[in-house]
Structure formats: structure tokens, C-alpha cells
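From first to last, the protein sequence lines are chains A and B. Its first residue numbered 485, the first sequence is counted upward by one per residue in our numbering. Its first residue numbered 485, the second sequence is counted upward by one per residue in our numbering. Accompanying notes for the structure given below.
Number of protein chains: 2
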Amino acid sequence: MAESNAAALRVLVVEDDPVTAEAHAAYVERVDGFHTAGVAHTGHEAIRMLRDTREGRAESFDLILLDVNLPDTTGIELCRSLRAVGIEIDVIAVTAVRDAAVVRSAVSLGIVQYLIKPFGFAAFAEKLTAYRDYHARVATAVVTDQQEVDASFAALRTTSTADLPKGLTRETLDRVRAAVRAAPAGATSATELAAALDLSRVTARRYLEHLADTGVVERASRYGAPGRPEVEYRPR
Amino acid sequence: MAESNAAALRVLVVEDDPVTAEAHAAYVERVDGFHTAGVAHTGHEAIRMLRDTREGRAESFDLILLDVNLPDTTGIELCRSLRAVGIEIDVIAVTAVRDAAVVRSAVSLGIVQYLIKPFGFAAFAEKLTAYRDYHARVATAVVTDQQEVDASFAALRTTSTADLPKGLTRETLDRVRAAVRAAPAGATSATELAAALDLSRVTARRYLEHLADTGVVERASRYGAPGRPEVEYRPR
DNA sequence: CGCGTTGTGTTCATACTGTTCGCGGCACGC
DNA sequence: GCGTGCCGCGAACAGTATGAACACAACGCG
Chain A
485 MAESNAAALR
495 VLVVEDDPVT
505 AEAHAAYVER
515 VDGFHTAGVA
525 HTGHEAIRML
535 RDTREGRAES
545 FDLILLDVNL
555 PDTTGIELCR
565 SLRAVGIEID
575 VIAVTAVRDA
585 AVVRSAVSLG
595 IVQYLIKPFG
605 FAAFAEKLTA
615 YRDYHARVAT
625 AVVTDQQEVD
635 ASFAALRTTS
645 TADLPKGLTR
655 ETLDRVRAAV
665 RAAPAGATSA
675 TELAAALDLS
685 RVTARRYLEH
695 LADTGVVERA
705 SRYGAPGRPE
715 VEYRPR
Chain B
485 MAESNAAALR
495 VLVVEDDPVT
505 AEAHAAYVER
515 VDGFHTAGVA
525 HTGHEAIRML
535 RDTREGRAES
545 FDLILLDVNL
555 PDTTGIELCR
565 SLRAVGIEID
575 VIAVTAVRDA
585 AVVRSAVSLG
595 IVQYLIKPFG
605 FAAFAEKLTA
615 YRDYHARVAT
625 AVVTDQQEVD
635 ASFAALRTTS
645 TADLPKGLTR
655 ETLDRVRAAV
665 RAAPAGATSA
675 TELAAALDLS
685 RVTARRYLEH
695 LADTGVVERA
705 SRYGAPGRPE
715 VEYRPR
């Protein structure tokens with residue numbers, strides 16, 4: 485794909501852990517239309533690379549894949565510094581932090597996507613392709629009307645295309661996940677979940693089993709009562 | 485509406501033309517959950533008000549309705565100044581400029597919506613309510629997972645209901661919307677809607693699906709009977 | 001050690017979903 | 001007036017998410 489590489493978007497990976505950085509860089513290469521153009525392991529290094537870029541001393545970047553937790557600063561702080569000096573490069577935030585306040589800050593600093601670690605390649609590719617669509621739109625359009633702007637914004641909206649195994653729906657899966665997380669005792673059996681969600685036990689079991697397979701919940705047994713022991717599912 | 489005003493989002497209108505500023509302020513008041521908390525006519529004035537706010541000398545704001553063309557600066561420049569000093573207030577850009585580069589800049593500076601002048605109240609209200617949905621989500625959620633984040637972003641990035649994809653008619657869409665809103669149980673399935681409007685199920689589904697994509701209605705599943713569950717659409 | 005009891009794991013009928021493709025009507029060009 | 005192309009709509013067809021029914025497995029108890 486020489487031609488798609490020629491127009492490929494250049495990505496700067498910013499991530500302190502070398503192994504993770506390498507993994508992210510490899511992920512980037514796997515997504516069509518993207519190319520890892522640099523890796524930085526600290527905030528300072530990232531800033532320096534971007535400054536060099538600006539002054540024509542180095543290749544430039546289209547997008548930063550930015551870890552929020554860095555040894556010398558935070559991604560949020562780094563992003564603020566960039567904006568302050570007028571660098572308008574787009575940013576995808578990558579973080580293990582599950583804090584709504586960080587999300588708010590990130591949005592206000594103009595990050596285009598927000599990825600929560602750990603993530604698989606599917607989730608990663610989804611965010612990048614969404615960004616590519618957005619980029620293509622604003623790059624080509626010279627004059628814009630409200631519809632064009634709306635369409636560009638909509639391109640950044642990801643529709644959670646994470647493919648489910650046959651027989652499962654996203655709708656139901658969401659409900660099941662929510663119910664498991666909100667379980668009073670911290671653990672739920674298939675029978676209990678069925679009652680709570682007004683589903684059949686068979687269906688409840690199907691989804692719980694899927695969540696167990698994908699590592700979202702843990703399986704355990706609950707003894708004590710007469711009869712066969714119950715299998716309980718507990719989030720982790 | 486005392487109670488809704490108490491929780492209403494406080495908006496700062498920044499617009500040089502006094503007549504337009506007044507019009508925007510009035511628009512804000514008309515949208516449920518919003519309140520015009522201040523008006524500034526220049527960039528300096530806006531900055532001063534926000535600084536006063538920060539130092540506790542004045543009421544604070546949740547959102548700026550920011551005109552891009554100001555007598556003493558541009559909205560983009562103003563926004564950059566805010567970010568530089570760490571003010572994370574959300575911004576809706578309002579402009580007559582139809583330039584993709586400005587849109588890009590605006591996005592990178594974290595503007596949450598982008599409105600092109602001239603606009604009617606419907607377009608205006610759509611953007612504000614979308615922001616309100618986003619705000620409600622990130623304000624309440626303490627812990628977030630990827631899906632929660634995606635949903636929040638999706639709220640900000642709704643496509644306009646005005647533009648129709650190929651295969652849909654304005655007239656039919658209006659009929660469908662009206663029917664969904666007037667649903668007796670509050671929720672309608674594609675089959676029910678088809679019967680009510682004397683359309684085929686296929687067509688009913690096409691329109692409902694469009695409304696779901698644009699965030700006008702919500703999708704849910706209706707279980708209970710044996711057989712595949714029904715998908716029901718519910719206005720929100 | 002058999003037996004009741006309780007929940008598990010599976011199979012299969014079922015009704016709704018999602019998609020494909022052809023029809024019919026409308027507007028435009030010749 | 002008459003093709004001709006386009007486009008929104010619906011009949012028909014697989015596909016599939018669910019629950020009823022059923023056979024079995026694990027435990028307590030006599």
C-alpha cells in the first residue's frame with residue numbers, strides 16, 4: 485500500500501513504559517492509513533520533539549497518542565502546554581485512570597478520542613479510523629456549512645463496533661454488565677440475574693458466560709444450601 | 485421553574501454586536517436547563533469576567549457562547565488564552581466564518597460545539613441540549629469505563645436531524661417522529677409503528693434506526709415472550 | 001448407599017430482526 | 001409524448017436472540 489502510506493497520518497506515541505510504547509506503536513502500524521513517526525517516553529521528550537518539528541528540524545506529526553500518566557508530568561498538563569504555545573496537533577488520550585474529571589479536562593483541551601487501558605486492537609483501531617474519517621473531512625472541505633461541520637463532528641463519534649459473538653446483542657450485554665456491577669452482594673448467580681433483569685435463566689447464563697470468557701467477570705461456586713451448588717459471577 | 489434554574493447551567497455570552505448578543509442571551513433562556521449569567525462584548529471584557537470569577541469576585545460560568553470574530557481578538561485566540569492559564573470552561577463557538585481551518589483549530593482547543601451563523605432557534609437548542617446531555621453524564625459518573633466515555637462523546641457529536649441520508653423522506657420522518665412521541669406505552673417497536681402509520685415494517689425500521697443513530701430515540705429490547713426479542717424505540 | 005432436591009447445561013421451537021432486490025412513481029431530458 | 005434515470009418503498013428470505021422443556025450433576029440426608 486504505497487499510496488496509502490504516502491498519505492498516512494504520522495503518529496507520535498507518548499508512553500513511559502517501553503513495552504507498552506512498543507505495543508502501541510505496533511498497533512498504529514496495523515491500522516490502515518497510519519504510521520508511527522516517533523516515540524517519546526517522557527513529557528519533556530515529547531515537547532522537545534514537537535518543538536523541533538515546529539522549527540523545521542524534524543519530521544512533523546499529525547496526531548499524538550498520549551498517555552496521561554507520565555513520569556515527569558501528566559498528559560493533561562502536557563496538552564495544556566501545547567495549546568498555550570499554539571500547537572494545534574490532535575491528541576488521543578490513553579489512560580488507565582477512570583476519573584470523570586480527567587475526561588472533562590481532556591475534552592476541554594481538545595482531545596479527539598479517549599481510550600481507557602487496557603484495550604484490545606479492535607477498540608484501538610476503532611478510535612483511529614474514526615479520527616481518520618474526521619481528518620479527511622476537515623482536510624478536504626474548503627467551505628463548510630453547518631451540515632459539513634456536524635458531519636465532521638459525527639465522524640469522531642465511535643459506535644462501539646466491538647463485535648459480539650453470534651447470539652448476543654449489545655443492548656442486553658450492557659444491561660447484564662450493569663446489573664453484575666450493581667450486584668448487592670458483589671456476586672450474582674445466573675438465576676438471580678435472570679430475575680433481576682426479567683430475562684430467562686438461559687439467556688442470563690449465556691451473557692454471564694461470555695463475560696467470564698472475556699475476563700470481565702470471575703466464576704466461583706457458592707455452597708451451603710442443599711442441592712447442587714450455585715455458580716456465582718463476580719466482577720473484577 | 486425555580487428548581488430547574490437552581491441547577492441550570494450558567495452561560496456567558498460573548499458577542500460584539502449588541503443586538504445579536506441580546507438575541508443569543510434570549511435564546512439561551514428559552515432552552516430548558518440553561519441560564520444567561522453574563523454578557524461580554526469584547527475579548528478583554530470576557531477575560532476579565534472569567535478572571536474575576538476565578539478569584540471569587542463574581543459568579544462563575546459553566547459554558548461560554550463564544551463569537552469567533554471579536555473587535556479586539558478572535559474567539560480562537562481567546563480560547564487559547566483561557567487554556568493557557570488553566571481555565572477549563574466549555575465553549576460553544578459561534579461564527580459566520582465558513583473555514584475548515586477554523587473548525588480544526590476550534591476542535592483542537594476543546595470547543596464542544598460549533599454553530600454557523602445565521603442559525604434558527606432549533607439548531608441552537610439542538611447544540612445546547614446535546615451539551616447538557618454530555619455535561620450531565622460527566623458530572624454524575626464517578627468511575628467510568630470505555631463505554632461511558634464513548635456515550636459522553638456521542639452526546640457531543642450528534643448529527644443534525646435536519647440532514648437526511650439517502651432513502652429517507654422528510655415527510656415520512658416527521659410522521660415517524662410524531663408517532664414515536666405519541667406512543668401510548670412510551671415505547672414503540674418497528675412492527676407496531678408500521679401498523680400505526682400504515683407503512684411496511686422495513687420502512688418503519690429504517691426511520692427508527694435513523695432516529696436512534698441521531699440520538700432522538702433510544703433503543704431497548706423487549707423480552708418475555710418466546711422467540712427473538714423485540715427492539716423497542718423510546719423517545720428521550 | 002440410594003433418594004430427593006436444587007440448580008446446571010443443552011437442545012430446539014419460535015417469533016422477530018435485518019437485508020436484498022425488484023417494483024412503481026416522479027422528474028428530467030430529448 | 002415518451003423513454004430514461006433515480007429514489008423511496010415493500011415483499012420475500014435468511015438469520016438469530018430468546019425461552020420452554022429436558023436430562024443430568026452435585027450435594028445433604030436418612
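Even glycine gets a Cβ: it sits at the ideal position worked out from N, Cα and C.
In this structure, how does DSSP classify residue i when only helix, strand and coil are distinguished?
{"i": "S705 (chain B)", "result": "strand"}
{"i": "F545 (chain A)", "result": "coil"}
{"i": "G670 (chain A)", "result": "coil"}
{"i": "L688 (chain B)", "result": "Correcting the residue type first, residue 688 (chain B) is Ala in the shown sequence and not Leu. It is helical."}
{"i": "A638 (chain B)", "result": "helix"}
{"i": "A577 (chain A)", "result": "strand"}
{"i": "V515 (chain A)", "result": "coil"}
{"i": "E487 (chain A)", "result": "Only weak support exists for where E487 (chain A) lies, its pLDDT of 42 falling under 50; the value from the coordinates is given anyway. Here E487 (chain A) sits in helix by DSSP."}
{"i": "R720 (chain A)", "result": "coil"}
{"i": "V715 (chain B)", "result": "strand"}
{"i": "L562 (chain A)", "result": "helix"}
{"i": "V700 (chain B)", "result": "coil"}
{"i": "D556 (chain B)", "result": "coil"}
{"i": "D551 (chain B)", "result": "strand"}
{"i": "P502 (chain A)", "result": "helix"}
{"i": "L683 (chain B)", "result": "coil"}
Listing by chain order, which chain A residues have their CB less than 7 Å from the CB of residue i?
{"i": "G570 (chain B)", "result": "R564"}
What is the residue span of the beta strand (DSSP E) that residue i lies within?
{"i": "I600 (chain B)", "result": "595-600"}
{"i": "V497 (chain B)", "result": "493-498"}
At a CB-CB cut-off below 8 Å, which residues of chain A make contact with residue i?
{"i": "D742 (chain B)", "result": "There is no way to answer for residue 742 (chain B), as the model of chain B reaches only from 485 to 720."}
{"i": "R588 (chain B)", "result": "E572, V622"}
Got a sec, what are the start and stop residues for the alpha helix (DSSP H) residue i sits in?
{"i": "H519 (chain B)", "result": "Where H519 (chain B) is concerned, there is no enclosing alpha helix (DSSP H), although the beta strand (DSSP E) it sits in stretches over 518-524."}
{"i": "I571 (chain A)", "result": "Counting along the chain, I571 (chain A) falls outside any alpha helix (DSSP H), and DSSP gives it neither H nor E."}
{"i": "V587 (chain B)", "result": "584-592"}
{"i": "V664 (chain A)", "result": "654-665"}
{"i": "L648 (chain B)", "result": "No alpha helix (DSSP H) holds L648 (chain B); DSSP gives it neither H nor E."}
{"i": "E529 (chain B)", "result": "527-538"}
{"i": "L612 (chain B)", "result": "605-624"}
Going by Cα to Cα distance, which pick from the options is closest to residue i?
{"i": "G517 (chain A)", "options": "A:G670, A:P719, A:I560, A:H619", "result": "A:H619"}
{"i": "T653 (chain B)", "options": "B:E632, B:T687, B:A669", "result": "B:T687"}
{"i": "D634 (chain B)", "options": "A:V622, A:V591, A:Q630, A:R685", "result": "A:V591"}
{"i": "G651 (chain B)", "options": "B:V622, B:H694, B:I595", "result": "B:H694"}
{"i": "E506 (chain A)", "options": "A:A568, A:K611, A:D551", "result": "A:D551"}
{"i": "A678 (chain B)", "options": "B:F603, B:P668, B:A663, B:V512", "result": "B:A663"}
{"i": "E702 (chain B)", "options": "B:A709, B:Y691, B:R712", "result": "B:Y691"}
{"i": "T537 (chain A)", "options": "A:L681, A:H525, A:A521", "result": "A:A521"}
{"i": "A585 (chain B)", "options": "A:G699, A:V622, A:R665, A:R494", "result": "A:V622"}
{"i": "S705 (chain A)", "options": "A:A671, A:G699, A:T698, A:D574", "result": "A:A671"}
{"i": "A524 (chain B)", "options": "B:P668, B:R567, B:P555, B:L599", "result": "B:P555"}
{"i": "R718 (chain A)", "options": "A:A709, A:G708, A:D697, A:P710", "result": "A:D697"}
{"i": "T656 (chain B)", "options": "B:L640, B:A680, B:F637, B:G527", "result": "B:A680"}
Using the beta-carbon of each residue, which ones in chain B are nearer than 8 Å to residue i?
{"i": "S607 (chain A)", "result": "It is worth fixing the name first, because residue 607 (chain A) is Ala in this sequence and not Ser. What A607 (chain A) touches in chain B: Q630."}
{"i": "D682 (chain A)", "result": "Y707, G708"}
Taking 8 Å as the CB-CB limit, is residue i close to chain A?
{"i": "D551 (chain B)", "result": "no"}
{"i": "A704 (chain B)", "result": "yes"}
{"i": "Y707 (chain B)", "result": "yes"}
{"i": "D617 (chain B)", "result": "no"}
{"i": "L692 (chain B)", "result": "no"}
For chain B, is any of its Cβ atoms less than 8 Å away from the one on residue i?
{"i": "R712 (chain A)", "result": "no"}
{"i": "S488 (chain A)", "result": "Low confidence applies to S488 (chain A): its pLDDT is 43, below 50, so where it sits in the model is not reliable, and the reading given next is rough at best. Chain B, which has no Cβ nearer than 8 Å to the Cβ of S488 (chain A), makes this no."}
{"i": "R567 (chain A)", "result": "yes"}
{"i": "L695 (chain A)", "result": "no"}
Give the interface partners of residue i over in chain A, defined as CB-CB distance under 9 Å, in chain order.
{"i": "V596 (chain B)", "result": "V591, S592"}
So which residues of chain B does residue i contact, with C-beta pairs closer than 7 Å?
{"i": "E655 (chain A)", "result": "R703, A704, S705"}
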